[in-house]
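First the structure, in the form of structure tokens, and then the observations on it.
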Amino acid sequence: RTYRGYVTHPNVAAALLLEHGCEKVPNDMMRRQLELAGVPPGRFGWASVQLDGGIELALAKVEAWFAERFSTMPPALPTTADLGALALGILTAAPVSAPTATALAMIARHIVAAGGSVLLPESDLLLANEDFRKAVLGVNPPHATLAYGQPLTRPGFHVVATETDHWVENLTGLGGCGAHLFLTVVRDHARQGHPLLPVIQVAEAGQRGILPADDIEIFLSGDAVVDETDLRQLLIAVAQR
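According to my numbering, the sequence shown is numbered sequentially starting from 18.
Given below as structure tokens:
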């Protein structure tokens, strides 16, 4: 699921699947999974170290495929959109205060109301925060609406199934689901980013003097309305590159 999510991710212009030839998930399995999902395998490149004659020949095949693909691919043109065009992943590294939870809930509601999507791991402590949970879910108990790495097909607020609270594993799973970017609240130290997707890292005001200011985007103020405005402006700036 996660491989399929990334090769079909909206941020990916072209993807090639490279196998050594004896791994657990070989290219033949990926072709079959893509076909079962209704995704034409012909839109991707395919290479194999064993079947293509070794590392050097496989690398040459990979380079030739991307060169040919990019030579015929039209340039991506910017389009005008609002926050409803986004799929936002949210992660928190520790419990957050009531104002921070409220600000994140306001962001989530704004995006979902505009037609976008918000993705949250089911292990994230935000789901245990009453201020966030009531503002976003009301009386509905939280439950997973997407499997780990399952590509998003219906917009809305989604809880993503996960067997871990590990930061990198949850970034990976939400990215596979189709998150365009992440909004995260960190504590004590900045966290690992993502090789494909922007990870916005902010911290609460109490982290001043603990977390270096140049490791994160902003310190929150503790005022939910002010923080929601600042976070929304950050999201827009990152989405606009």
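Positions of the beta carbon are idealized from the N, C-alpha and C atoms, including for glycine.
Predicted model, so just to flag it, every value in this text is computed and none were measured.
Check, Outcome
"The alpha helix (DSSP H) spanning P212 covers which residue range?", "From DSSP, P212 is part of no alpha helix (DSSP H); its letter is neither H nor E."
"Would you mind reading off the limits of the beta strand (DSSP E) that contains I124?", "Per DSSP, I124 belongs to no beta strand (DSSP E); it is in the alpha helix (DSSP H), 115-130."
"Is I107 helix, strand or coil when you go by DSSP?", "strand"
"Counting C-beta neighbours from all protein chains within 10 Å, is the total for C194 16 or more, i.e. buried, or is it exposed?", "buried"
"What is the DSSP secondary structure of G55, counted as helix, strand or coil?", "coil"
"Enumerated in chain order, which unbroken segments of the alpha helix (DSSP H) with a length of 4 residues or greater are wholly contained in the stretch 31-93?", "44-53, 72-89"
"Quick one: is N28 buried, meaning 16 or more other Cβ sit within 10 Å of its Cβ, or exposed?", "exposed"
"Where are the alpha helix (DSSP H) runs, 4 residues long or more, that stay fully inside the stretch 133-217, in chain order?", "147-154, 184-194"
"Identify, in the order they occur along the chain, each residue of the same chain with its Cβ nearer than 7 Å to the Cβ of D69, setting aside the five sequence neighbours on each side.", "A75, K78"
"Just mark R171 as buried or exposed, buried being the case when its beta carbon has 16 or more other beta carbons within 10 Å.", "exposed"
"By alpha-carbon positions, which one of M123, G223, A222, R208 ends up nearest to F174?", "M123"
"Count the other CB atoms, across all protein chains shown, that sit within 10 Å of the CB of G166; report buried if there are 16 or more and exposed otherwise.", "buried"
"Measure the C-alpha to C-alpha separation of P57 and V243 and round it to an integer number of angstroms.", "46 Å"
"What number of angstroms, rounded off, separates the C-alpha of W82 from the C-alpha of R249?", "39 Å"
"Just curious, the alpha helix (DSSP H) that D244 is in, first and last residue?", "241-256"
"Taking the CB atoms as reference points, tell me whether L252 and V216 lie closer together than 8 Å.", "no"
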